[in-house]
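First up is the structure itself, then whatever we jot down about it.
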Amino acid sequence: MSDIRFDGQVVIVTGAGGGLGRSHALEFARRGAKVVVNDLGGTLDGSGGSSAAAEAVVAEIVAAGGEAIADGASVTNDAGVAAMVERTIAKWGRIDVLIANAGILRDKSFAKLDLADFAAVVDVHLMGAVKPIKAMWEIMRTQNYGRIVVTTSSTGLYGNFGQSNYGAAKLSLVGLMNTLKLEGAKNNIRFNAISPVAATRMTDNLMPPEMLAKLGPEHVTPGVIYLASEDAPNGAILTAGAGVFALAQIVETEGAFLGSAARAEDVRDQWTQITDPTGAEAYMAGAGQTQKFLRKSAD
Ligand code: NAI
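The sequence shown begins at 0 in numbering that gives the first Met the number 0 and counts up by one.
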């Protein structure tokens, strides 16, 4: 099969001034894309900011013979996001790919967490993806082409102590994907999620150096490139790290029909059958679950 290329395509990578986003942006450029390198340039908790980080990545791309522009907007700022999209269209006329990668951390156990730190994390991860997507949705629909990749996390999928805000924000992106993969399909807009593990400033203090050494961001980027390519799947959650790639899925067991008069005690007593993984399914839409309920109750 031929190589995956992005010649003539325009790609926006948010939070691309360092870490995973930088790695994605460099690889899109190597593969022929014109790249918007967005980054607020703030600290890990989201404070401060300058466009220097984004400009440095642009300089790297240009030095390697690629095409890129820097954008210092915060993904949570409506006017900044609108200006980024307008500048991109004015310069290159289209937007083919969005990699929603910008993110911050405000880790604390839930008992000690301020609601302000909860809201800030949800704002950057969730609304910081929703705002750019909304700003380019009509453009992608009109083009009849679009590839969107959001960045979820094992914390959202499975949990991690001290990251209730981050986990809630990260899995909300999967909820967003599950509907937009359906709404975008008729206009050839595909929507996927990457769940990375990588050595970046986000994980510097979380893992020992010998683990971090195997977890370069460049081992995640091939997954993002595929999810953003013409032949991408739709609605996949790809997990990636250290050269390993896997699919995460939300599945539902076949379950048990306990009758219309089922009581709480019946649920307790049939727990083994309710939770039996044999025949578990990942539905393409919520209606799949309703159809099962009606089928099983008619058996
Ligand atoms: P990072 O901190 O190096 O990258 C995040 C980038 O987002 C930073 O350059 C930061 O300046 C930028 N950013 C933050 N707020 C922004 C805003 N409002 N507007 C624009 N840019 C903003 O960390 P890393 O690890 O590269 O993170 C990239 C994404 O991957 C994040 O969404 C993160 O949550 C996610 N992730 C990372 C994992 C890892 O193991 N490193 C694990 C799971 C998810």
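Glycine included, C-beta positions come from ideal geometry on N, C-alpha and C.
Phe-117 and Gly-79 have their C-alpha atoms spaced approximately 23 angstroms apart.
The C-beta distance from Asn-191 to Val-219 rounds to 13 angstroms, too long to fall under 8 angstroms, and the pair is not in contact. In the DSSP assignment, Gly-40 falls outside any beta strand (DSSP E) and carries neither an H nor an E. Under DSSP, Ile-11 shares a beta bridge with Val-35 and Leu-97. When DSSP reads this structure, Asn-191 sits in a beta bridge with Val-148. Taking every protein chain shown into account, the CB of Thr-178 has fewer than 16 other CB atoms within 10 angstroms, so this residue is exposed.
Set against 7 angstroms, the gap from the CB of Thr-277 to the closest heavy atom of ligand 1 is not smaller. DSSP places Ala-67 in the strand class (E or B) of the three-state scheme. In the DSSP assignment, Val-173 falls within the alpha helix (DSSP H) that extends over 163-182. Contact check for Asp-95 and Gly-145: beta-carbon distance about 7 angstroms, within the 8 angstroms limit, so the pair qualifies.
For Glu-182, there are no CB contacts under 6 angstroms within the same chain when 5 residues up- and downstream are skipped. Apart from the 5 residues on each side of it in sequence, Asn-187 sits with its Cβ closer than 8 angstroms to the Cβ of Asn-143, Tyr-144 and Gly-145 in its chain, given in chain order. An exposed status is given to Trp-270, since fewer than 16 other beta-carbon atoms sit within 10 Å of its beta-carbon. Selection Tyr-165, Gly-127 and Leu-97 evaluated against Leu-112 yields Tyr-165 as nearest (Cα-Cα). In the DSSP assignment, Leu-156 falls within the unbroken alpha helix (DSSP H) covering 153-157. Within 10 angstroms of the beta-carbon of Met-0 lie fewer than 16 other beta-carbons, which makes it exposed.
Cβ atoms of Val-121 and Ala-168 come within 8 angstroms of each other, at about 5 angstroms. A contact is defined here as three or more CB-CB pairs under 8 angstroms, and the stretch 22-29 meets this definition with respect to the stretch 217-235.
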